[in-house]
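Undergrad: Dumping the structure here so I can ask a few things about it.
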Amino acid sequence: MRRLYGPAGWSAIGAAVLVMAILPHFLSSYWVTLIGKIMCYAIVAVALDLIWGYCGILSLGHGLFFALGGYAMGMYLMRQIGREGQYQSDLPDFMVFLDWKSFPWQWWNSDHFGWCALLVVVVPGLLAFAFGYLAFRSRVKGVYFSIITQALTFAAMLLFFRNATGFGGNNGFTDFKRILGFTVTSPETRAALFMVTGATLLGTLLLARWIVTSKLGRVLTAIRDAESRASFCGYNTVHYKVAVFTLSAVICGIAGALYVPQVGIINPSEMSPANSIEIAIWVAVGGRGTLIGPILGAGVVNGAKSFFTQAFPEYWLYFLGAIFILATLFLPQGIAGLAQKLGRGRA
Amino acid sequence: MSISAAVASESGGLGRVASGELDTTHGAVLYLEDISVSFDGFKALNRLSLSIDVGELRCVIGPNGAGKTTMMDVITGKTRPDEGSAFFGQTIDLAKLTEAEIAHAGIGRKFQKPTIFENHSAFENLELAMKADKRVRTTLFARLSGADRDRIAEMLRTIRLADAADRTAGLLSHGQKQWLEIGMLLMQEPRLLLLDEPVAGMSDEETERTAELFLSLAGRHSLVVVEHDMAFIAKIARKVTVLHEGSVLAEGPMAQVQADPRVIEVYLGR
Amino acid sequence: MAWRWERAAIAALLVCVAAPAAAIDKDAVAKLGFGDSDEKIAAMGALVKEGDPRAIEVLKALADGNLQTAGERVFIQRDDDVLDAVTGEKVESPPEDRDDVVANNRIRAAVGDALAGLRILSPERAKRLAAAKELTGGADPAMLPLLQRALAAEKDPEIRSLLEVATAAMELKTGDKAQRLAAIRRLGASTSPASRTMLAAAANAPDADPEVRAEATKSLAAVEGRLAWGERLGLAFAGVSLGSILLLAALGLAITYGLMGVINMAHGELIMIGAYTTYVVQNLFRAWAPGAFDWYVLAAVPASFAVSAAVGMLLERLVIRWLYGRPLETLLATWGISLVLIQTVRTIFGAQNVQVENPAFMSGGVQALSNLVLPWNRIVIIFFAAAVLVAMGLLLSRTRLGLFVRGVTQNRAMASCVGVPTARVDTYAFGLGSGIAGLAGCALSQLGNVGPDLGQGYIVDSFMVVVFGGVGQLAGTVYAALTLGFANKLLEDWSGAVIAKIAVLVFIIIFIQRRPQGMFALKGRAVEA
């Protein structure tokens, strides 16, 4: 069995797990939710690093998969509101408002957690599989691929903005009451979601690490560095790219599903092209191709966002824009790369 | 004709052709007959006919524009001939297979510019090239067996990179990169190797060692080497083919070709 | 229709309109001032019966809340002046405490009808036209005889057609069968969209006479045939207009991407800067040369080009040139720049939209057909886009810079070898592309709102045009822009704006996968960065 991490790595992970386990007891609801949310973003960042850092595929539409997972969970949560909505009906408020009499087809079975959990995985996965297969088979690469992923998420956002699509239009889903019988907003539920998110983050990290240290990982980086050479060696590069792209999308969907009960709302702006570009900057700032780096990047950038939007809201965009520019110009390896260089310098 | 070869010809080249079905009972590993290719009116290959024997080390020379690279493109399936036929062994019709299928059938090509995986070590480069089941799932769970390690070690020795096994390939010298690429080609166990200017940019010593390598490979493999370096050709060539304006101008041992007045007029001019 | 009987009463009285008298009926005015609602409405009828156009002023004042009483007299408040309601003359020293005459909705509706009735016989064409339009929108059928009289006296063709529709509408409702059939036939010859609505109602009325319905269906088909042309042309025009806008927006991007492989995510913001420059120029003209206000556009065009080009060249020198050869990083860095630019503009000009007015020669439109109005601003912009395209084409094919740009696009290394100063060509080309974006912004400012987020709405569209059209040839951009413009409008007509946009995006996603180099790519140019 190959080593995923050395002793130093495992100790760091162990320490982080310990801290995460006791943190909810000491922090207020606000902080628990905020950190939980950032951890969801970190999961997405790892997923993007897997395809971008290790396989050279820059998807600027990953926010879409995140949002789709979120909507799938959102459907379940909306059903769990039961009759406690404004209109006291079996149908969610927005449907009553639109004068609909029954659930649209996509809501079938959405009151069962198991079914929605399945949707969380299957919907982003299928979309990624189909889209990726078509794109990679036609040898669409580089910036063109990034542009069409932007177009995809933009089109989806427009679709979800329509009331007729049946997902709450531009208001989306909100006002959740219960999840699996527990009150969504209670401290215990928040803590539980926090733990689950933390565990998922850890699981995602270990899974990604396992993949990149396997022969498959080496093939992925080979495809990134010299795709035609890899193809020449006999690897069907389309299959590999589709496989890792689909996996990455499924991970994002799961992250979205964990995100929604914690923040209490999902709406089409999660699919905005800008959101997906921000995900790329978390990975770039943290350090592409390192897995840990993107987790850091997601933490740093979102932490800064939280701080700025409260303290100096007019400056947030300047700061974010500056991060984009400075990170690409001066920090091509990201924070993790910088740390590595400093570590090597000292040794 | 063997049964498997019969199956191969029946399937019309649509399915995967495993290299075990190569039929060389007649002694030739490659037949090109009256191949013609034109691009936008320019005739790159003009009724080219060539045959390579099993285990042979053939050198192909010719001035620029003679059609050497186009000939290789036709063999590997990158370009389809307008006329003529190309056979790998008795039965494998190259014009009907895709590039990947041809590579799979046992023809390996080394391009002029070394393309290796710069961020992987030499060992990993060979590991990736190694003949194996290359599907996604299998690759995920693949483990290197002891036998595999031995084969890679053996290959590293053959290409004189045994002590650079763990060095990142991007840091190797130009000549070493060329050998690594040849090594990667050999890991796929090809029956026929096409080498396009393999010693371009190498030092004299590296050129010398490359010649030794090729001579050791001939016999087990068949090689076609396209080169401009006459000293190198002289070292390795038994039979030389001269191409000119898309067809064979002269063919024979080096001395005979060098003395041929047509060749002198067109190319050598020494 | 609300307050039916009051309006009927007025209508009945309108029928008996006589020639204008010397002064308006005092009693009627008094009733308007002091009477209850019923008396007011009766008074209105009396005024209309008189037919004096001065009554219009009084009635308007009543509806607007400008009618006042003091003692026994009735006044009209017009701006700062106070007029006597009966004579219409200004009162020098009006009484201080005047009471307002209250008008509720019922009164106002009645006033509306009365005014229309008075105006339909006004000597001024504009008033008659306005009144005719109002009456076509729906009036009490009791007004029919009045309208028929007006129609008999009317000579102006535009007003005649409106009156015909109005009278036909009334006859449809109230006439006997022969009258209805005649009305339907008359409507069948018209080209107004209003007649279509009426004929459709008549054709589908479930309890009507089958002969009437058949006739209505026939007439409906005739009218729809005539109107269809207007609709088709309108669609075509909208497609060309959108295409011209997309062309302007995407042309600059095609140049920078074609030349340097730079996907400039701040392109939208360069468009936005051009629009804001136009706004600033407009304000300067308003402040310093108000008489020549309409000519501000002529100054704004070079100004927006210059400002956006300058910003673009600055970006190229400071940021983009360091990322040459790393297109994905360039994409991210330029996205960051776009955020900074948006926020800067927001800080300077505020987050709200700013007002940019069309100059007079670009306002309004030309009425091509009865149901087709072509706005002047869009027409001007189509020509503008064509002019920019021609200028670009000439610049690229006839000038030295153009030659260098083409050379570097096709083979950078070779161009550098033969002495082309590639770094400077990059800067100039980027400036050129950005300048064109500025021109697009100037054009957009004439069409719609100008706000900090203006560019964001066009960035995806611009990319789609470039990706679809292929890179390296202007022709590709032109065809792509026009095709997407048309496709968008056609689909919009068929299924609504949102679905249209989604369909176009999906189409391009699929197209790119089939033909990755776009419609017209320079041979041998790969899609990968």
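Protein chains in written order, with my numbering: chain X, 2 to 348; chain C, 17 to 286; chain P, 204 to 732. Think of the CB as a built atom: it goes at the ideal place given N, C-alpha and C, for glycine as much as any other residue.
Taking a contact to mean a Cβ-Cβ separation below 9 Å, would you say ALA145 (chain C) touches LEU177 (chain C) in this structure?
TA: As a working note, residue 145 (chain C) is residue 129 in the second sequence. As a working note, residue 177 (chain C) is residue 161 in the second sequence. Not in contact: ALA145 (chain C) and LEU177 (chain C) (Cβ atoms no closer than 9 Å).
Undergrad: Do GLY651 (chain P) and SER511 (chain P) count as a contact pair if the criterion is CB distance below 9 Å?
TA: Counting from one through the third sequence, the residue named residue 511 (chain P) turns up at place 308. Counting from one through the third sequence, the residue named residue 651 (chain P) turns up at place 448. Judged by beta-carbon spacing, GLY651 (chain P) lies beyond the 9 Å limit of SER511 (chain P), meaning their Cβ atoms are not closer than that value.
Undergrad: Using the Cβ count rule (16 or more neighbours within 10 Å means buried), how would you classify SER398 (chain P)?
TA: As a position in the third sequence, residue 398 (chain P) is number 195, starting the count at 1. SER398 (chain P) should be labelled buried.
Undergrad: Note down, in chain order, every chain X residue with its Cβ under 7 Å from the Cβ of MET667 (chain P).
TA: Residue numbering aside, residue 667 (chain P) sits at position 464 when the third sequence is read from its first letter. By Cβ distance, chain X contributes ALA152.
Undergrad: Could you check whether VAL668 (chain P) and ALA632 (chain P) sit closer than 9 Å to each other, using their CB atoms as the reference points?
TA: Along the third sequence, read from residue 1 onward, the residue named residue 632 (chain P) stands at position 429. Along the third sequence, read from residue 1 onward, the residue named residue 668 (chain P) stands at position 465. Not a contact, by the Cβ cut-off of 9 Å.
Undergrad: Note down the Cα distance separating VAL213 (chain X) from THR174 (chain C), rounded to an integer number of angstroms.
TA: Looking up residue 213 (chain X) in the first sequence gives position 212. Looking up residue 174 (chain C) in the second sequence gives position 158. About 30 Å.
Undergrad: What are the boundary residues of the alpha helix (DSSP H) that VAL465 (chain P) is part of?
TA: Residue 465 (chain P) sits at position 262 when you count from the first residue of the third sequence. Here VAL465 (chain P) belongs to no alpha helix (DSSP H), and DSSP marks it neither H nor E.
Undergrad: Give me the residue from X:PRO105, X:ARG191, X:LEU207 and X:VAL123 with the minimum Cα distance to ASN164 (chain X).
TA: Here the question's residue 164 (chain X) lines up with position 163 in the first sequence. The residue with the shortest Cα to Cα distance from ASN164 (chain X) is X:PRO105.
Undergrad: Report the three-state DSSP secondary structure of ALA306 (chain P) (helix, strand or coil).
TA: In the third sequence, the residue the question calls residue 306 (chain P) occupies position 103. Of the three classes helix, strand and coil, the one that applies to ALA306 (chain P) here is coil, per DSSP.
Undergrad: Name the DSSP bridge partner or partners of HIS113 (chain X)?
TA: Position 112 of the first sequence, counted from the start, is the residue given in the question as residue 113 (chain X). BP columns for HIS113 (chain X) are empty, so no partner.
Undergrad: Quick one: Cα of ALA223 (chain X) to Cα of ILE702 (chain P), how far?
TA: As a working mapping, residue 223 (chain X) is identified with position 222 in the first sequence. As a working mapping, residue 702 (chain P) is identified with position 499 in the third sequence. If I take the Cα positions, the gap works out to 41 Å.
Undergrad: Rounded to the nearest angstrom, what separates THR131 (chain C) and ARG230 (chain X) at their Cα positions?
TA: Start at 1 with the first residue of the second sequence, and residue 131 (chain C) comes out as number 115. Start at 1 with the first residue of the first sequence, and residue 230 (chain X) comes out as number 229. Those two C-alpha atoms are separated by around 7 Å.
Undergrad: Could you give the distance in angstroms between the alpha-carbon of ALA385 (chain P) and the alpha-carbon of LEU366 (chain P)?
TA: For the purposes of this step, residue 385 (chain P) is taken as the residue at position 182 of the third sequence. For the purposes of this step, residue 366 (chain P) is taken as the residue at position 163 of the third sequence. Whole-angstrom Cα-Cα distance: 15 Å.
Undergrad: At a CB distance below 8 Å, what residues from the segment 202–222 of chain X approach chain C? Give them in sequence order.
TA: Those residues of the segment 202–222 of chain X that come within reach of chain C (Cβ to Cβ, closer than 8 Å) are ILE212, SER215, LYS216, LEU217, ARG219, VAL220 and THR222.
Undergrad: Candidates C:SER263, C:PRO277 and C:ALA253: which alpha carbon is nearest PHE71 (chain C)'s?
TA: The residue you call residue 71 (chain C) lines up with position 55 of the second sequence. In the sequence as presented, Phe is not what sits at residue 71 (chain C); that position holds Gly. Minimum Cα distance to GLY71 (chain C) is reached at C:ALA253.
Undergrad: In whole angstroms, give me the CA-to-CA distance for VAL314 (chain P) and ALA266 (chain P).
TA: Mapped onto the third sequence, residue 314 (chain P) falls at position 111. Mapped onto the third sequence, residue 266 (chain P) falls at position 63. Between VAL314 (chain P) and ALA266 (chain P), the C-alpha separation is close to 7 Å.
Undergrad: Could you check how far apart the C-beta atoms of SER65 (chain C) and ALA44 (chain C) are, in whole angstroms? I think they sit under 8 Å.
TA: If you number the second sequence from 1, residue 65 (chain C) lands on position 49. If you number the second sequence from 1, residue 44 (chain C) lands on position 28. Not confirmed; about 12 Å, so no contact.
Undergrad: Looking at chain P, which residues of the segment 251–269 of chain X have a Cβ within less than 8 Å of any of its Cβ atoms?
TA: If the cut-off is 8 Å between Cβ atoms, the segment 251–269 of chain X has nothing near chain P.
Undergrad: Does chain P have any CB closer than 9 Å to the CB of GLU315 (chain X)?
TA: For the purposes of this step, residue 315 (chain X) is taken as the residue at position 314 of the first sequence. Chain P, which has a Cβ nearer than 9 Å to the Cβ of GLU315 (chain X), makes this yes.
Undergrad: For ASP610 (chain P), which residues from the same chain have a beta carbon less than 7 Å from its beta carbon, with the 5 sequence-adjacent residues on both sides left out?
TA: Along the third sequence, one-based indexing puts residue 610 (chain P) at 407. Reading the sequence as shown, one finds Gly at residue 610 (chain P) and not Asp. Excluding positions up to five away in sequence, the list reads ALA618 and VAL623.
Undergrad: Run the CB neighbour count on ASP39 (chain C), radius 10 Å, all protein chains shown included, and call it buried at 16 or more, exposed below.
TA: For the purposes of this step, residue 39 (chain C) is identified with residue 23 of the second sequence, where counting begins at 1. Buried.
Undergrad: What are the complete alpha helix (DSSP H) segments, minimum 4 residues, inside the segment 308–335 of chain P?
TA: 308–322
Undergrad: Can you name the start and end residues of the beta strand (DSSP E) that ALA512 (chain P) belongs to?
TA: Residue 512 (chain P) sits at position 309 when you count from the first residue of the third sequence. Under the DSSP assignment, ALA512 (chain P) falls outside any beta strand (DSSP E), being part of the alpha helix (DSSP H) whose first and last residues are 499–521.
Undergrad: Please classify SER680 (chain P): does DSSP put it in a helix, a strand, or coil?
TA: Counting from 1 along the third sequence, the entry for residue 680 (chain P) is found at position 477. Contrary to the premise, residue 680 (chain P) reads as Thr rather than Ser in this sequence. The answer is helix: DSSP assigns THR680 (chain P) an H, G or I state.
Undergrad: Could you tell me the alpha carbon to alpha carbon distance between ASN62 (chain C) and LEU142 (chain C), rounded to whole angstroms?
TA: Taking the second sequence and counting its residues from 1, the one referred to as residue 62 (chain C) is at position 46. Taking the second sequence and counting its residues from 1, the one referred to as residue 142 (chain C) is at position 126. The alpha-carbon atoms of ASN62 (chain C) and LEU142 (chain C) are separated by roughly 38 Å.
Undergrad: Against GLN204 (chain C), what residues of chain X qualify as contacts under a CB-to-CB distance less than 8 Å, listed in chain order?
TA: As a working mapping, residue 204 (chain C) is identified with position 188 in the second sequence. Simply CYS234 and GLY235.
Undergrad: Comparing C-alpha positions only, which one of C:LYS59, C:PRO79 and C:SER238 sits nearest to MET246 (chain C)?
TA: Here residue 246 (chain C) is taken as the residue at index 230 of the second sequence, counted from 1. Among C:LYS59, C:PRO79 and C:SER238, the Cα nearest to that of MET246 (chain C) is on C:PRO79.
Undergrad: Helix, strand or coil: how does DSSP classify ILE132 (chain C) here?
TA: As a first step, residue 132 (chain C) is located in the second sequence; it is residue number 116 there, counting from the start. In the structure shown, ILE132 (chain C) sits in coil (DSSP, three-state: anything other than H, G, I, E or B).
Undergrad: So GLN716 (chain P) contacts chain X; which residues on that side make the cut at Cβ distance below 7 Å?
TA: As a first step, residue 716 (chain P) is located in the third sequence; it is residue number 513 there, counting from the start. Within 7 Å Cβ-Cβ: LEU135, ALA136, SER139 and VAL141.
Undergrad: Would you kindly work out how many angstroms separate the C-alpha atoms of TYR482 (chain P) and PHE320 (chain X), rounded to a whole number?
TA: What you label residue 482 (chain P) is simply residue 279 of the third sequence in a count that begins at 1. What you label residue 320 (chain X) is simply residue 319 of the first sequence in a count that begins at 1. Those two C-alpha atoms are separated by around 27 Å.
Undergrad: In this structure, how does DSSP classify SER219 (chain C) when only helix, strand and coil are distinguished?
TA: One-based indexing of the second sequence puts residue 219 (chain C) at position 203. Three-state DSSP puts SER219 (chain C) in coil, outside helix and strand.
Undergrad: May I ask you to verify whether the segment 450–467 of chain P touches the segment 529–544 of chain P, counting CB pairs closer than 8 Å and requiring at least 3?
TA: yes
Undergrad: Under the assumption that VAL220 (chain X) contacts THR184 (chain C) (Cβ atoms under 8 Å), give the Cβ distance between them as a whole number of angstroms.
TA: One-based indexing of the first sequence puts residue 220 (chain X) at position 219. One-based indexing of the second sequence puts residue 184 (chain C) at position 168. With a Cβ gap of about 17 Å, VAL220 (chain X) and THR184 (chain C) do not count as contacting.
Undergrad: From ARG728 (chain P) to GLN720 (chain P), what does the alpha carbon distance come to, in whole angstroms?
TA: Taking the first residue of the third sequence as 1, we reach residue 728 (chain P) at position 525. Taking the first residue of the third sequence as 1, we reach residue 720 (chain P) at position 517. In this predicted model, ARG728 (chain P) has a pLDDT of only 37, less than 50, meaning its place in the structure is not dependable; the value taken from the coordinates is given anyway. Here the C-alpha atom of ARG728 (chain P) lies approximately 7 Å from the C-alpha atom of GLN720 (chain P).
Undergrad: Using a cut-off of 8 Å between C-beta atoms, extract the partners of LEU156 (chain C) located in chain X.
TA: Taking the first residue of the second sequence as position 1, residue 156 (chain C) is located at position 140. ILE212, SER215, LYS216 and LEU217, listed in chain order.
Undergrad: On a Cα-Cα basis, can you pick out the residue from C:THR226, C:SER219, C:VAL264 and C:ASP179 that is closest to GLU197 (chain C)?
TA: As a working note, residue 197 (chain C) is residue 181 in the second sequence. With distances taken between Cα atoms, GLU197 (chain C) lies closest to C:THR226.
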